[in-house]
Each structure stands twice: as C-alpha cells, then as structure tokens.
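*Asks:* Counting from 1, position 88 in the sequence shown corresponds to residue 557 in this note's numbering; the numbering is continuous, with no gaps. Even glycine gets a Cβ: it sits at the ideal position worked out from N, Cα and C.
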Amino acid sequence: MAESQRIKRVNELIKRELGTIILKQVDYPKNLLLTLTKVECSSDLSNAKIWVSVMPESKTDWILSMLQRNIYHIQKTLDKRLRIRPVPKIRFVKQKKIEGTDNVDYILDKIKKEESK
Numbered sequence: 470m471a472e473s474q475r476i477k478r479v480n481e482l483i484k485r486e487l488g489t490i491i492l493k494q495v496d497y498p499k500n501l502l503l504t505l506t507k508v509e510c511s512s513d514l515s516n517a518k519i520w521v522s523v524m525p526e527s528k529t530d531w532i533l534s535m536l537q538r539n540i541y542h543i544q545k546t547l548d549k550r551l552r553i554r555p556v557p558k559i560r561f562v563k564q565k566k567i568e569g570t571d572n573v574d575y576i577l578d579k580i581k582k583e584e585s586k
C-alpha cells in the first residue's frame, strides 16, 4: 500500500516539475496550449510515461516531435531537480482525444479569426 502511495506522489512530483521545465526552458509557440495530463511511473520507477495534450490538436504531432528532440535536455534538468533515485526515464505520449475538445478547437479558431479582422 505504501509503495503505491509513493508512486502516486512521484507521478505528481514529475508532472509538476516537467510542467515547470517545459514552460521555462522549451521554446514552443506561446499561442499553443500544452498540457501534461497524466504521468504514470513503472512500479520500479525506471520509466515514466507523460501524456501530452495540445490545443489546437492539429499541432500535437509537431509538439511531440519537438519534445522528443529536446528529451535529453529535459531529462537532465529533471534529474538535477528531483531528489529521488532512480529518476525515471521519461517518454512523452499523445493524450487520446478528450470529449468536447472539438468544441474548444472551434471556439479558439473563431476567436483567432475575429482577432485577425
């Protein structure tokens, strides 16, 4: 029981730290909404899957490839920030479509068109 609580705490810690690292150190367009939706560490803490959601959704693959290109730097920064050993090896994966995101994409596109008028 205590082990699963530890993994939950490590998942939240990694999610928070990666959010900060990506926000401050990864250069991506600021007109995108990039969200780390979930972190899932393996039971031995050797690996961590990081689910990523991007708005607009059409930019998801581009963002994932950009994160993958920067993964060495992101991992090294995470290693320095966390006081746990081992620090899980991170891997970014695409968040499956969330109910209602089509509507959000539509609204964002509509706002963008209004601003460009």
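Taking the C-alpha atoms as reference points, what is the distance between Ile533 and Val521?
*Replies:* With the sequence shown as reference, residue 533 is identified as Leu, and Ile is not the correct amino acid for it. Looking at the two C-alpha atoms, the distance is approximately 8 angstroms.
*Asks:* Nearest by alpha-carbon distance to Lys484: which of Lys565, Ile576, Val508 and Lys558 is it?
*Replies:* The option with the nearest alpha carbon to Lys484 is Val508.
*Asks:* Have a look at the DSSP bridge pairing and note the partners of Lys507.
*Replies:* Answer by DSSP bridge pairing, in chain order: Trp520.
*Asks:* Between the alpha carbons of Met470 and Asn516, how many angstroms are there, rounded?
*Replies:* At Met470 the pLDDT is 49, less than 50, meaning the model places this residue with poor confidence and gives no usable figure here.
*Asks:* Helix, strand or coil: how does DSSP classify Val556 here?
*Replies:* Three-state DSSP puts Val556 in coil, outside helix and strand.
*Asks:* Quick one: what's got a C-beta closer than 8 angstroms to Pro557's C-beta in the same chain, skipping five residues either side?
*Replies:* Taken in chain order, the residues that qualify are Val479, Ile483, Cys510, Ser511, Leu514, Ser515, Asn516 and Ala517.
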